[in-house]
Each structure stands twice: as structure tokens, then as C-alpha cells.
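**Q** Residue numbers (this note's numbering): 10 to 144.
Note that beta-carbon positions come from the ideal geometry of N, C-alpha and C, so glycine has one too.
(1) Would you check if there are 3 or more beta carbon pairs closer than 8 Å linking the region 75-91 to the region 16-31?
(2) Taking C-alpha atoms, which residue in 72, 112, 115 and 105 lies nearest to residue 127?
(3) Cα-Cα, which of 94, 74, 104 and 22 is closest to residue 136?
(4) Identify the residues that DSSP records as bridge partners of residue 40: which are they?
(5) In angstroms with no decimal places, state the Cα-to-Cα distance between residue 115 and residue 123.
(6) What does DSSP give as the partner residues of residue 25 in its beta bridges?
(7) Measuring alpha carbon to alpha carbon, tell me which residue in 18, 39 and 23 is nearest residue 47.
(8) Please list, in chain order, all residues of the same chain as residue 13 whose beta carbon is under 8 Å from its beta carbon, the five residues on each side excluded.
(9) How many Å lie between residue 41 and residue 113 at the Cα?
(10) CB residue 70 to CB residue 64, shorter than 7 Å?
(11) With a Cβ-Cβ cutoff of 7 Å, do residue 49 and residue 36 count as a contact?
(12) Starting from the Cα of residue 121, find the closest Cα among 66, 44 and 108 and give me that residue.
(13) Give the single residue among 62, 99, 52 and 44 whose Cα lies nearest to the Cα of residue 129.
Right under this line is the structure:
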């Protein structure tokens, strides 16, 4: 029997009933976002990563041979973002604050570097014969 609702675009293992609220997929933790559901390259809103980027992250986190390194990269990414948020909030008097565009670009650069590292990990794992997924 086919589930009713909107299939999770990351793992395909959960169906959201609607686009209201901030419901998360219990399998992959992607938060429902109508804009991202329609535009898989959009990386703003309730999810830090776009759908396409989140799929890469989910793939390496689900692969037994890459999970440990992927978890390390994810934690580094999370800490870097927290550090940047803190840095922007705690500007000292006399310091010149970066513009919104500069701040946004810094976050984009950090996100893209994270995805580049995940892609490298994914490439290594697909070249290996030991590709075992833990789903």
C-alpha cells in the first residue's frame, strides 16, 4: 500500500503529511521545507544544506565504511557554523562589522567546503568494493 503524503526527498523512507510546521523525517532528520522540496539546490531556511547536498551527507553517513569520517566532518561543520554565529554576535566596539552579504558569503564558503569534503569521501567509497549501507 502506498503511503499518503509527501515522500522525504533525502531518504525516501518517510512521508510528510503536509508542509506545515517543522516536522523532521525520523530516518534522516531532514526538516520539511516547501521551497527546498521544489528546488533541490536551495540551501536556506529550516535546513542548512540543500536537498542535493543533504543527499550526499546522508549517503556517506549511511555507508559503514565512511560513517566515522563523515560524522567527524559533520561535527567540524557544525562547530565552524556555531563559531561564526558567535563571532558575528560578539563584535567588539570599534570593530567594523562585516556586511550581511560578506557574512552570508562566509557561511556559503564553509558549507561548500564541507560538501566538497563529503564528495571526496563519497568518491573514495564508491571506488572501494566495500560499500555497505546501514539503513
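**A** Short version:
(1) no
(2) 72
(3) 74
(4) 33
(5) 12 Å
(6) 15
(7) 18
(8) 24 and 26
(9) 22 Å
(10) no
(11) no
(12) 66
(13) 62
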